[in-house]
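S.K.: Going left to right, the sequence shown walks through residues 1084 to 1260 as the working numbering numbers them. For glycine and all other residues, C-beta sits at the position ideal for the given N, C-alpha and C.
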Amino acid sequence: LHVDLSINGCSDTDGEKAYNLDGEEMWYADFVNKRGVEPQPSFIDHISYEEGVYAQAEADQQICRSNLKTGLEAIKDIPLENDPPSTPMIYSRDVVETGAENTLICHVTGFFPAPVKVMWTKNNQNVTEGVSINVPYPNDDSSFRQTSRLEFVPQPGDIYSCSVQHPALHEPLTQMW
(Lines of atoms letter the chains of each structure in order from A and count residues from 1; the text may use other names and numbers.)
(Lines give C-alpha, C1' and ligand atoms only; values in the text may rest on other atoms or scores of the structure.)
Protein backbone atom coordinates (compact mmCIF):
# COMPACT_ATOMS: atom_id res chain seq x y z
CA LEU A 1 0.00 0.00 0.00
CA HIS A 2 1.34 3.41 -0.98
CA VAL A 3 0.22 6.85 0.18
CA ASP A 4 0.06 9.56 -2.48
CA LEU A 5 -0.49 13.09 -1.17
CA SER A 6 -1.10 16.24 -3.19
CA ILE A 7 -1.04 19.50 -1.26
CA ASN A 8 -2.30 22.84 -2.46
CA GLY A 9 -2.16 25.75 -0.02
CA CYS A 10 -2.16 29.51 -0.11
CA SER A 11 -2.33 32.76 1.79
CA ASP A 12 -2.97 36.27 0.54
CA THR A 13 0.69 36.60 -0.42
CA ASP A 14 2.17 33.09 -0.59
CA GLY A 15 1.35 29.70 -2.04
CA GLU A 16 2.35 26.06 -1.98
CA LYS A 17 1.82 23.08 -4.27
CA ALA A 18 3.54 19.76 -3.66
CA TYR A 19 3.35 16.05 -4.38
CA ASN A 20 4.38 13.51 -1.77
CA LEU A 21 4.70 9.71 -2.09
CA ASP A 22 4.95 7.52 1.02
CA GLY A 23 5.99 10.49 3.15
CA GLU A 24 8.70 11.69 0.75
CA GLU A 25 8.41 14.98 -1.08
CA MET A 26 8.66 14.24 -4.82
CA TRP A 27 7.90 17.62 -6.40
CA TYR A 28 6.97 21.12 -5.29
CA ALA A 29 6.31 24.45 -6.94
CA ASP A 30 8.87 27.15 -6.19
CA PHE A 31 6.68 30.19 -6.89
CA VAL A 32 9.50 32.62 -6.06
CA ASN A 33 11.77 31.24 -8.81
CA LYS A 34 8.84 30.21 -11.03
CA ARG A 35 9.79 26.54 -11.45
CA GLY A 36 9.01 23.03 -10.32
CA VAL A 37 11.55 21.35 -8.02
CA GLU A 38 12.30 17.64 -7.58
CA PRO A 39 14.16 17.65 -4.23
CA GLN A 40 15.10 13.97 -4.09
CA PRO A 41 18.84 13.13 -4.01
CA SER A 42 20.46 12.35 -7.35
CA PHE A 43 21.13 8.69 -6.49
CA ILE A 44 17.44 7.67 -6.56
CA ASP A 45 15.19 7.08 -9.55
CA HIS A 46 13.07 10.18 -10.11
CA ILE A 47 9.40 10.20 -11.02
CA SER A 48 8.92 12.27 -14.16
CA TYR A 49 6.27 14.99 -14.13
CA GLU A 50 4.53 16.03 -17.32
CA GLU A 51 5.14 19.40 -18.90
CA GLY A 52 2.62 21.90 -17.60
CA VAL A 53 2.60 20.77 -13.96
CA TYR A 54 4.05 24.09 -12.81
CA ALA A 55 1.53 26.06 -14.91
CA GLN A 56 -1.29 24.03 -13.35
CA ALA A 57 0.12 24.78 -9.90
CA GLU A 58 -0.07 28.51 -10.69
CA ALA A 59 -3.70 28.15 -11.82
CA ASP A 60 -4.51 26.19 -8.64
CA GLN A 61 -3.25 29.15 -6.60
CA GLN A 62 -5.93 31.43 -8.07
CA ILE A 63 -8.63 28.92 -7.09
CA CYS A 64 -7.07 28.51 -3.64
CA ARG A 65 -7.08 32.26 -2.98
CA SER A 66 -10.74 32.48 -4.00
CA ASN A 67 -11.60 29.59 -1.66
CA LEU A 68 -9.47 31.15 1.09
CA LYS A 69 -11.38 34.42 0.88
CA THR A 70 -14.71 32.59 1.19
CA GLY A 71 -13.48 30.36 4.01
CA LEU A 72 -11.98 33.19 6.05
CA GLU A 73 -15.24 35.09 5.90
CA ALA A 74 -17.12 32.00 7.14
CA ILE A 75 -14.82 31.42 10.17
CA LYS A 76 -13.80 34.99 11.01
CA ASP A 77 -15.14 34.80 14.58
CA ILE A 78 -13.50 31.47 15.58
CA PRO A 79 -10.26 31.94 17.60
CA LEU A 80 -7.22 29.82 16.72
CA GLU A 81 -5.08 28.03 19.30
CA ASN A 82 -1.35 28.28 18.64
CA ASP A 83 1.06 25.38 19.22
CA PRO A 84 4.77 26.23 18.94
CA PRO A 85 7.14 24.19 16.79
CA SER A 86 9.80 21.92 18.24
CA THR A 87 13.46 22.92 18.04
CA PRO A 88 14.50 22.65 14.39
CA MET A 89 16.69 19.74 13.26
CA ILE A 90 19.51 20.55 10.82
CA TYR A 91 21.32 17.93 8.76
CA SER A 92 23.05 17.69 5.39
CA ARG A 93 21.47 15.85 2.47
CA ASP A 94 24.74 14.16 1.49
CA VAL A 95 27.98 13.29 3.26
CA VAL A 96 29.81 16.59 3.81
CA GLU A 97 32.95 17.17 1.73
CA THR A 98 34.80 20.49 1.88
CA GLY A 99 34.25 22.43 -1.35
CA ALA A 100 31.56 20.05 -2.68
CA GLU A 101 28.01 21.31 -3.32
CA ASN A 102 25.52 20.01 -0.80
CA THR A 103 22.20 20.89 0.80
CA LEU A 104 21.45 21.71 4.43
CA ILE A 105 17.99 20.66 5.56
CA CYS A 106 16.11 22.32 8.44
CA HIS A 107 13.13 20.25 9.61
CA VAL A 108 10.47 21.72 11.93
CA THR A 109 7.45 19.89 13.32
CA GLY A 110 4.63 20.04 15.86
CA PHE A 111 3.29 23.53 15.12
CA PHE A 112 -0.19 24.94 14.53
CA PRO A 113 -1.30 26.83 12.58
CA ALA A 114 0.86 26.55 9.48
CA PRO A 115 3.18 27.86 8.16
CA VAL A 116 6.43 28.71 9.92
CA LYS A 117 8.95 31.27 8.66
CA VAL A 118 12.48 29.87 8.32
CA MET A 119 15.60 32.03 8.06
CA TRP A 120 19.16 30.86 7.40
CA THR A 121 22.47 32.45 8.38
CA LYS A 122 26.07 31.73 7.41
CA ASN A 123 28.64 33.09 9.86
CA ASN A 124 25.92 35.32 11.40
CA GLN A 125 24.95 36.84 8.02
CA ASN A 126 21.45 36.32 6.61
CA VAL A 127 21.34 34.02 3.58
CA THR A 128 18.53 34.08 1.00
CA GLU A 129 20.21 32.72 -2.15
CA GLY A 130 19.78 28.97 -2.57
CA VAL A 131 16.99 28.81 0.03
CA SER A 132 13.69 27.00 -0.51
CA ILE A 133 10.89 25.81 1.74
CA ASN A 134 8.26 23.18 1.11
CA VAL A 135 4.55 23.18 1.78
CA PRO A 136 3.50 22.50 5.40
CA TYR A 137 2.53 18.82 5.74
CA PRO A 138 -0.10 17.66 8.24
CA ASN A 139 0.93 15.34 11.09
CA ASP A 140 -1.41 12.72 12.56
CA ASP A 141 -2.06 14.94 15.63
CA SER A 142 -3.35 17.88 13.50
CA SER A 143 -0.08 19.79 13.87
CA PHE A 144 2.18 20.48 10.88
CA ARG A 145 5.75 19.87 9.75
CA GLN A 146 7.79 21.85 7.25
CA THR A 147 11.25 21.60 5.70
CA SER A 148 13.55 24.32 4.41
CA ARG A 149 16.65 23.68 2.30
CA LEU A 150 19.83 25.69 1.78
CA GLU A 151 22.15 24.90 -1.12
CA PHE A 152 25.71 25.46 0.09
CA VAL A 153 29.39 24.63 -0.42
CA PRO A 154 30.93 23.72 2.95
CA GLN A 155 34.19 25.39 3.93
CA PRO A 156 36.22 24.92 7.14
CA GLY A 157 35.06 27.23 9.94
CA ASP A 158 31.69 28.13 8.41
CA ILE A 159 28.81 28.17 10.89
CA TYR A 160 25.24 27.90 9.63
CA SER A 161 22.02 28.40 11.55
CA CYS A 162 18.35 27.82 10.92
CA SER A 163 15.89 30.08 12.79
CA VAL A 164 12.16 29.43 12.93
CA GLN A 165 9.45 32.03 13.59
CA HIS A 166 5.85 31.17 14.49
CA PRO A 167 2.98 33.11 16.15
CA ALA A 168 3.18 30.82 19.23
CA LEU A 169 6.83 31.79 19.84
CA HIS A 170 7.98 34.93 21.66
CA GLU A 171 11.36 34.70 19.92
CA PRO A 172 12.71 32.55 17.08
CA LEU A 173 13.97 29.01 17.71
CA THR A 174 17.52 28.68 16.36
CA GLN A 175 19.66 25.61 15.71
CA MET A 176 23.34 25.80 14.71
CA TRP A 177 25.22 23.54 12.29
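#1: Pick from S1225, Q1229, C1245: whose alpha carbon is nearest that of N1272?
#2: If you run the structure through DSSP and keep just helix, strand and coil, what is D1143?
#3: Please classify T1181: is it buried, with 16 or more other beta-carbons within 10 angstroms of its beta-carbon, or exposed?
#4: Does the Cβ of F1194 have 16 or more other Cβ atoms within 10 Å, making it buried, or fewer, making it exposed?
#5: Whose C-beta lies closer than 6 angstroms to the C-beta of H1085 among residues of the same chain, with five residues either side of it excluded?
#6: For the beta strand (DSSP E) that contains V1191, what are its first and last residues?
#7: Locate the beta strand (DSSP E) running through D1087, then write down its first and last residues.
#8: Under the three-state reduction of DSSP, which class applies to N1150: helix, strand or coil?
M.R.: Walking through what the data contain:
#1: Look at the range of the chain in this structure, 1084 to 1260, and you will see that residue 1272 is not part of it.
#2: helix
#3: exposed
#4: buried
#5: D1105
#6: 1185–1194
#7: 1087–1093
#8: helix
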